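Visitor: Going by the UniProt record's numbering, the first residue of the sequence shown is number 1, and it counts up by one from there. Ideal placement from N, C-alpha and C gives every residue a C-beta, glycine not left out. In this text the structure is predicted, and so the values were computed from the model without any measurement.
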Amino acid sequence: MDPAKRDPDFKGMTDGAAWVHVLGFILCGFLLISMAILPVSATRRTFLNIILLVGIMLLELGFIIPLARQPEQCHNAITPNDMNTSTTCAFSGAFAAFGGMTLVTWILIRAFFMHLQIVWDITPTKYHFLGANIAAWTVTIGLVSAVLAHAGVSFRFGGYCHVNHTGSIPTYWAWLLAFGGLAFVLQLLTFAYCIKVYLQAALLRAPTHALSNSAASSDGTGTGTGTGTTTDPAAARKNSAAAFSAQSRTRARAARAAARRVRQVLQLQWRSLAIVALAIFTTAFVCVVFIVLDNKQEKLALTNTEASVPWITCMILTRDNERCLGETGPIVISQRITVATLFDGFG
Numbered sequence: 001m002d003p004a005k006r007d008p009d010f011k012g013m014t015d016g017a018a019w020v021h022v023l024g025f026i027l028c029g030f031l032l033i034s035m036a037i038l039p040v041s042a043t044r045r046t047f048l049n050i051i052l053l054v055g056i057m058l059l060e061l062g063f064i065i066p067l068a069r070q071p072e073q074c075h076n077a078i079t080p081n082d083m084n085t086s087t088t089c090a091f092s093g094a095f096a097a098f099g100g101m102t103l104v105t106w107i108l109i110r111a112f113f114m115h116l117q118i119v120w121d122i123t124p125t126k127y128h129f130l131g132a133n134i135a136a137w138t139v140t141i142g143l144v145s146a147v148l149a150h151a152g153v154s155f156r157f158g159g160y161c162h163v164n165h166t167g168s169i170p171t172y173w174a175w176l177l178a179f180g181g182l183a184f185v186l187q188l189l190t191f192a193y194c195i196k197v198y199l200q201a202a203l204l205r206a207p208t209h210a211l212s213n214s215a216a217s218s219d220g221t222g223t224g225t226g227t228g229t230t231t232d233p234a235a236a237r238k239n240s241a242a243a244f245s246a247q248s249r250t251r252a253r254a255a256r257a258a259a260r261r262v263r264q265v266l267q268l269q270w271r272s273l274a275i276v277a278l279a280i281f282t283t284a285f286v287c288v289v290f291i292v293l294d295n296k297q298e299k300l301a302l303t304n305t306e307a308s309v310p311w312i313t314c315m316i317l318t319r320d321n322e323r324c325l326g327e328t329g330p331i332v333i334s335q336r337i338t339v340a341t342l343f344d345g346f347g
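#1: Looking at Phe157: is its Cβ nearer than 8 Å to the Cβ of Thr283?
#2: Measure the C-alpha to C-alpha separation of Leu182 and Ile122 and round it to an integer number of angstroms.
#3: Name, in chain order, the residues that DSSP records as bridge partners for Cys74.
#4: If distances are taken between C-alpha atoms only, which option among Thr190, Val40, Ser154, Leu176 comes closest to Ala111?
#5: Could you compute how far the alpha carbon of Ile195 sits from the alpha carbon of Arg253?
#6: Starting from Ser41, trace the alpha helix (DSSP H) in both directions and tell me its first and last residue.
#7: Inspect the beta-carbon positions of Phe63 and Tyr160 and report whether they are closer than 8 Å.
#8: Helix, strand or coil for Ser86, going by three-state DSSP, please let me know.
#9: Flag this pair as yes or no: are the beta carbons of Phe155 and Cys89 separated by less than 8 Å?
#10: What would DSSP say about Arg319, mapped onto helix, strand or coil?
#11: Three-state secondary structure (DSSP) at His165?
#12: The alpha helix (DSSP H) spanning Ser145 covers which residue range?
#13: Quick check: the stretch 75-84 against the stretch 32-48, are there 3 or more CB pairs under 8 Å?
#14: Alpha carbons only, please: which of Pro170, Gly29, Gly12, Val139 is nearest the one belonging to Gln70?
#15: In chain order, what residues of the same chain lie with their CB nearer than 7 Å to the CB of Gly152, ignoring the 5 residues before and after it?
#16: Taking only the alpha-carbon atoms, compute the straight-line gap between Leu325 and Leu317 and give it to the nearest angstrom.
#17: From the DSSP output, which residues share a beta bridge with Ser308?
#18: Can you tell me where the alpha helix (DSSP H) with Val54 in it begins and where it stops?
#19: What number of angstroms, rounded off, separates the C-alpha of Phe91 from the C-alpha of Tyr127?
#20: Mind reading off the beta-carbon distance from Val286 to Tyr193? Whole number of angstroms is fine, and I expect it under 8 Å.
#21: Can you round the beta-carbon distance between Ala136 and Thr105 to whole angstroms, since I take them to be within the 8 Å contact cut?
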């Protein structure tokens, strides 16, 4: 194993993150039980809520299994165990990868259905959900199988297995980031539509009142010829203003109706919108850590050998892992960022 990762405090921090996932697993299980027992009016359960809870619990099993078994991390002095040498690593890493992909895939579907409902006034039917299930599970199973076959999982963070870096970007991380980014775009479009509807309702209300008052004030000022035809310019202007006012009132009523519909949907679905926003932020954070920083540090360690000299010199002279940990800063991701990804939920 890499001596740079043998900080005695690191195991305590990673185990602390795992215990947080244990608590999360219990809470998600409680929510699922309450949804099964209580009526729909009390829980507002939907298929999308249930499947997201299942995805979270699958992800958390990736931390609970190794926490319970405390497997051996090292295959030999310099090589960590992986899915081929440790059954615990294989199952826990697969659960973490499958749960993470399930969660992000269904977050995208939730954002898409929300966009259809709010922007296009299309309520998803059972056929929409059937198609979503076929697409989501096919994509999830296919991508997770690909990443396990081409990249694999190993003990990368203490006693917890995760996807290896080599080969994981095209089979896992790129898709995870793409799904999260698409969900973010749909979320932005939905919010932009909500803002447009409310502004339109507010702006049309004031001109309508002004035109109504103008038409009312002009009533009685025009004169007729008594022959049944309107030839007075004042009367013509009054009729034109009345017609335009009626059209404006019609547009205002339509805008207010749209605003009421959007407001009703938001009142029912604001929790879902918050979940989507949080999941998108989490996905972006984890992808930045694993794709950008991990790749940057790996290239730095291979190309800029001068950055590794202080740590190598310290290890040769002292052979003390703890004393030399302070020299690893330029060549490895900081432990604070690593532990943050574990607490974040997708680590």
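Guide: The structure says:
#1: The residue you call residue 157 lines up with position 157 of the sequence shown. The residue you call residue 283 lines up with position 283 of the sequence shown. For Phe157 and Thr283, no; Cβs fall outside 8 Å.
#2: To locate residue 182, count along the sequence shown from 1; it is residue 182. To locate residue 122, count along the sequence shown from 1; it is residue 122. C-alpha separation (whole angstroms): 20 Å.
#3: Against the sequence shown, residue 74 aligns to sequence position 74. DSSP lists Pro80 as partners of Cys74.
#4: Residue mapping note: residue 111 aligns to position 111 of the sequence shown, counting from 1. The option with the nearest alpha carbon to Ala111 is Thr190.
#5: Counted from its first residue, the sequence shown places residue 195 at position 195. Counted from its first residue, the sequence shown places residue 253 at position 253. Each residue's alpha carbon lies about 17 Å from the other.
#6: As a working mapping, residue 41 is identified with position 41 in the sequence shown. 40-43 is the extent of the alpha helix (DSSP H) around Ser41.
#7: In the sequence shown, residue 63 corresponds to position 63, counting from 1. In the sequence shown, residue 160 corresponds to position 160, counting from 1. It is a contact, given that the beta carbons lie within the stated cut-off.
#8: In the sequence shown, counting from the first residue as 1, residue 86 sits at position 86. If DSSP states are grouped into helix, strand and coil, Ser86 belongs with coil.
#9: Position 155 of the sequence shown, counting from 1, holds the residue named residue 155. Position 89 of the sequence shown, counting from 1, holds the residue named residue 89. For Phe155 and Cys89, yes; Cβs fall inside 8 Å.
#10: Sequence index remark: in the sequence shown, residue 319 carries index 319 (1-based). Of the three classes helix, strand and coil, the one that applies to Arg319 here is coil, per DSSP.
#11: Stepping through the sequence shown from its first residue, residue 165 is reached at position 165. Three-state result, His165: coil.
#12: Taking the first residue of the sequence shown as 1, we reach residue 145 at position 145. Taken as a continuous stretch (DSSP letters only), the alpha helix (DSSP H) holding Ser145 covers 126-150.
#13: no
#14: For the purposes of this step, residue 70 is taken as residue 70 along the sequence shown, with counting starting at 1. Comparing Cα-Cα distances from Gln70 to each of Pro170, Gly29, Gly12, Val139, the minimum goes to Gly12.
#15: Along the sequence shown, read from residue 1 onward, the residue named residue 152 stands at position 152. Answer for Gly152: Asp82, Met83, Asn164, listed in chain order.
#16: Against the sequence shown, residue 325 aligns to sequence position 325. Against the sequence shown, residue 317 aligns to sequence position 317. The straight-line gap from Cα to Cα measures roughly 14 Å.
#17: As a working mapping, residue 308 is identified with position 308 in the sequence shown. Per DSSP, none; premise fails for Ser308.
#18: By one-based count along the sequence shown, residue 54 stands at place 54. 47-69 is the extent of the alpha helix (DSSP H) around Val54.
#19: One-based indexing of the sequence shown puts residue 91 at position 91. One-based indexing of the sequence shown puts residue 127 at position 127. Taking the straight line from one Cα to the other gives about 33 Å.
#20: Counting from one through the sequence shown, the residue named residue 286 turns up at place 286. Counting from one through the sequence shown, the residue named residue 193 turns up at place 193. With a Cβ gap of about 29 Å, Val286 and Tyr193 do not count as contacting.
#21: Counting from 1 along the sequence shown, the entry for residue 136 is found at position 136. Counting from 1 along the sequence shown, the entry for residue 105 is found at position 105. Confirmed, Cβ separation roughly 5 Å.
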